[in-house]
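Novice:
Chains as they are written, first to last, in this note's numbering: chain A, 16 to 619; chain B, 59 to 134.
#1: How far does the beta strand (DSSP E) with residue 493 of chain A in it extend, from its first residue to its last?
#2: Please report whether the beta-carbon of residue 62 of chain B lies at a distance below 8 Å from any beta-carbon of chain A.
#3: Give me, in chain order, the residues of the same chain whose beta-carbon lies closer than 7 Å to that of residue 402 of chain A; leave out the 5 immediate sequence neighbours on both sides.
#4: How many angstroms separate the CA atom of residue 414 of chain A from the CA atom of residue 250 of chain A?
#5: Taking its Cβ as the centre, do 16 or more other Cβ atoms sit within 10 Å of residue 227 of chain A, making it buried, or is it exposed?
#6: Under a three-way DSSP split, which group does residue 477 of chain A fall into?
#7: Do residue 205 of chain A and residue 160 of chain A have their CB atoms nearer than 8 Å?
#8: Are the C-beta of residue 32 of chain A and some C-beta of chain B separated by less than 8 Å?
#9: Is residue 131 of chain A buried or exposed, if buried means 16 or more other CB atoms sit within 10 Å of its CB?
#10: Would residue 134 of chain A pass as an interface residue toward chain B - the criterion being a Cβ-Cβ separation below 8 Å?
#11: At what residue ranges does the segment 58-130 of chain A contain a whole run of the alpha helix (DSSP H), taking only runs of 4 or more?
#12: Going by DSSP in three states, residue 380 of chain A sits in which element: helix, strand or coil?
#13: Measure from the C-beta of residue 131 of chain B to each C-beta in chain A and report whether the shortest distance is under 8 Å.
#14: Any idea if residue 571 of chain A is buried or exposed, counting beta-carbon neighbours within 10 angstroms, 16 or more meaning buried?
#15: Can you list, in chain order, the stretches of the alpha helix (DSSP H) that have 4 or more residues and sit fully within the segment 533-559 of chain A?
#16: Are the beta-carbon atoms of residue 52 of chain A and residue 114 of chain A separated by less than 8 Å?
#17: Taking DSSP's pairing of strands, which residues face residue 589 of chain A in a bridge?
#18: Taking 8 Å as the cut-off, does the segment 346-355 of chain A touch the segment 291-305 of chain A (at least 3 CB pairs, one atom from each stretch)?
#19: At 3 residues or longer, and completely inside the segment 273-334 of chain A: list those beta strand (DSSP E) runs for me, N to C.
#20: Below 8 Å between beta carbons: does that hold for residue 498 of chain A and residue 484 of chain A?
#21: DSSP three-state call for residue 37 of chain A: helix, strand or coil?
#22: Can you say whether residue 469 of chain A is buried or exposed, counting buried as having 16 or more other CB atoms within 10 angstroms of its CB?
#23: Which residues, taken in chain order from the segment 229-253 of chain A, show a beta carbon closer than 9 Å to some beta carbon of chain B?
#24: Taking the beta carbon of residue 128 of chain B as the centre, do at least 16 other beta carbons fall within 10 Å, making it buried, or is it exposed?
#25: Do you know offhand how far residue 404 of chain A's Cα is from residue 487 of chain A's?
#26: Using a 10 Å radius around the Cβ and a threshold of 16 neighbouring Cβ atoms, would you call residue 35 of chain A buried or exposed?
#27: Can you tell me the Cα-Cα spacing of residue 165 of chain A and residue 139 of chain A, whole angstroms?
#28: Can you name, in chain order, every residue of its own chain whose Cβ lies under 6 Å from the Cβ of residue 515 of chain A, other than the five neighbours on each side?
#29: Give me the Cα-Cα distance between residue 310 of chain A and residue 335 of chain A, rounded to the nearest whole angstrom.
#30: What ranges does the beta strand (DSSP E) occupy inside the segment 201-226 of chain A, keeping only unbroken runs of at least 3 residues that lie completely in it?
#31: Using only CA atoms, which one of A/187, A/195, A/198 and A/44 lies nearest to residue 209 of chain A?
#32: Apart from the five residues on each side of it in sequence, which residues of its chain come closer than 6 Å, Cβ to Cβ, to residue 296 of chain A?
#33: Counting only beta-carbon separations shorter than 8 Å, does residue 100 of chain B have a partner in chain A?
#34: May I ask which residues mark the beginning and end of the alpha helix (DSSP H) holding residue 183 of chain A?
#35: Against chain B, which members of the segment 53-80 of chain A pass a CB distance test of less than 8 Å?
#36: On a CA-only basis, which of A/232, A/240 and A/43 is nearest residue 68 of chain A? Give me that one, please.
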């Protein structure tokens, strides 16, 4: 908890010295010889002092980075040839700049009353944006671009009496334009130095001595906070976000204890401390909007808890926002597997939040894979502490994410139907429709997310970056398929991906990747996929599929996928299916969607 | 001794190679980037804040020690 709160708050001097020390020791131990992550850092200022802070933050996340600093103030050259700037390949390129390094003349002119200087600065900005977009096209790793901080120096006096606007408009316009353009450029991520400067404070961010002596304008606190922020962005792309938060109720969702204080005695609503809990509930709803499931683990009488959810006017959180719950008197750790199972996620995707240190202690003991977080006892600090959690960090929130929690509600309705009639009647009544299609540009973000997040129903668990996926979608040697599933209760969205490599003679498709959300299993979807894919492959002249199954600690669930569809094993991980023996699409499943122009055809 | 340790870590040299006479003129590792890193490391190690005049004056290890002593560091 302590380190979590620290992570996004502004750092103090001791912590920043510790961070530098951790990085120095890491280098001394020689672990940097075998890095797992190669970062190239280029800036319009001296960036060497930022390296230990990015490094230490990544080390704390169990990454083993090597960080190479490119030549000073050579952003354009770096964008053109990152390999040369960083003396070799990089997985991540970080580009940071300040207005006063690239546009000092325009700043001075603008501060002197020359409004047209803003337009001239805009031209320079366009050139920089163009260079970064070119880098994006030629470089297949991750690109992180910095939003410039407010300028320092004589022209930038924010308290000048004769010019209350100061450079505010200049900075706002250019920083805003840069953030807009870069935000629209797929695969470029922003790190906001302006926000870091605001978080740390403008005065505390500046080190005038280093700025003059070394062209290194920032204080340690600024660099420490920036290092954390960069690390968050890098890690969010390399690690699956947590999927569900399991919440205690009393003194976590509201103040007081419902079983003792009663519905009129608990604190939730517009008056403090109820307002602090209300704001926490609003934060929880925003997590739900990003696709995080909300669940409840409360030691209470169930009726008491539902009375609060259903009747208390101060509750922002309603019963329908919850995807699972365990209410009763058993140890909370015992309810964890049931919650995970009902949501089809692993218990290591859960975050447990409780105000009781004993409950947190028990959970850490019994379920170490669950991330357990203690709620601050000071209600005023709850929201800030919870906002500081990086566990739900996600760089791109897709439509599927936004709908996920709602889709789970439909799932519960499906289960009710399933218990009422026979299985075959159930399948017919489901009215299952599957849309298996060649991926289009707008699907690539979601597809990449599935490729990197799907652990369980994933036959090969081959991870790919967005750029690798894009390259593959445009290649004639590959077929990138995705599919959507719909039934009478609603849409599951884009839930699976199949990647096939086509042999040179076109006769064989190797199923490099097959993955899908566990939510759609067991209704004939698997047979429909292979049947549908076989139809398409035959139309292209193929006669056989090669299937691959690479076991991992998590994917035993799809062990029987290939044999179930008629594949026969021919090697340790290799299976074969003659397309003449491929399953047909089951009668209760309809393949919908008209074939649309795949990327290859569109590109031609 | 603490000064020698800081220099040895930052410059990547064995501690016994660091003497009062160690300076950018006889130590190729002490380049402009190392100079900045040395200042950062000295400020961290001794919990002092150096003025730009002091930083600019620190052209060898003996001077660094003298500056630190003048700032009240007893065991530089």
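Every residue, glycine too, gets a C-beta built ideally from N, C-alpha and C.
Bear in mind that the values here come from a model prediction, so they are computed numbers and not experimental data.
Specialist: Taking the coordinates as given:
#1: Run containing residue 493 of chain A: 493-502, per the beta strand (DSSP E) assignment.
#2: Taking Cβ atoms only, chain A never reaches closer than 8 Å to residue 62 of chain B, which makes this a no.
#3: Contacts found: 298.
#4: Between the alpha carbons of residue 414 of chain A and residue 250 of chain A lies a gap of roughly 22 Å.
#5: That one is exposed.
#6: Correct three-state label for residue 477 of chain A: coil.
#7: Yes, they are a contact pair.
#8: Output row for residue 32 of chain A: interface = yes.
#9: Classification for residue 131 of chain A: exposed.
#10: For residue 134 of chain A, the answer is no, since every Cβ of chain B falls outside 8 Å of its Cβ.
#11: Listed in chain order, they are 66-75, 90-95, 97-100, 114-117 and 119-126.
#12: For residue 380 of chain A, the secondary structure class from DSSP, reduced to helix, strand or coil, is helix.
#13: Answer no: the Cβ-Cβ gap between residue 131 of chain B and chain A never drops below 8 Å.
#14: Taking all protein chains shown into account, residue 571 of chain A has fewer than 16 neighbouring C-beta atoms within 10 Å of its C-beta and is therefore exposed.
#15: Assignment of alpha helix (DSSP H) within the segment 533-559 of chain A, counting only whole runs of 4 or more residues, yields 540-554 in chain order.
#16: Not in contact: residue 52 of chain A and residue 114 of chain A (Cβ atoms no closer than 8 Å).
#17: A/563, per the DSSP bridge assignment.
#18: Because the criterion of three Cβ pairs below 8 Å is not met, the segment 291-305 of chain A and the segment 346-355 of chain A do not touch.
#19: Runs of the beta strand (DSSP E) lying entirely within the segment 273-334 of chain A and spanning at least 3 residues, in chain order: 308-313.
#20: Going by C-beta atoms, residue 498 of chain A is not nearer than 8 Å to residue 484 of chain A.
#21: Here residue 37 of chain A sits in helix by DSSP.
#22: Buried is the call here.
#23: So the close ones are 229, 231 and 235.
#24: Here residue 128 of chain B is exposed. Its C-beta has fewer than 16 other C-beta atoms within 10 Å.
#25: The alpha-carbon separation between residue 404 of chain A and residue 487 of chain A amounts to approximately 35 Å.
#26: By the beta-carbon neighbour count (other beta carbons within 10 angstroms, threshold 16), residue 35 of chain A is buried.
#27: For residue 165 of chain A and residue 139 of chain A, the distance between alpha carbons rounds to 17 Å.
#28: Excluding positions up to five away in sequence, the list reads 494, 524 and 526.
#29: Using only the alpha carbons, I get a separation of about 11 Å.
#30: If we require 3 residues or more, the beta strand (DSSP E) runs fully inside the segment 201-226 of chain A come out as 203-207.
#31: Taking only the C-alpha atoms, the option nearest residue 209 of chain A is A/187.
#32: If we look at residue 296 of chain A and ignore the five residues flanking it on each side, its Cβ neighbours are 331 and 332.
#33: Nearest CB-CB separation between residue 100 of chain B and chain A: not below the 8 Å threshold.
#34: Note, residue 183 of chain A: alpha helix (DSSP H), 183-199.
#35: Those residues of the segment 53-80 of chain A that come within reach of chain B (Cβ to Cβ, closer than 8 Å) are 61, 63 and 64.
#36: When only C-alpha atoms are compared, the closest one is A/240.
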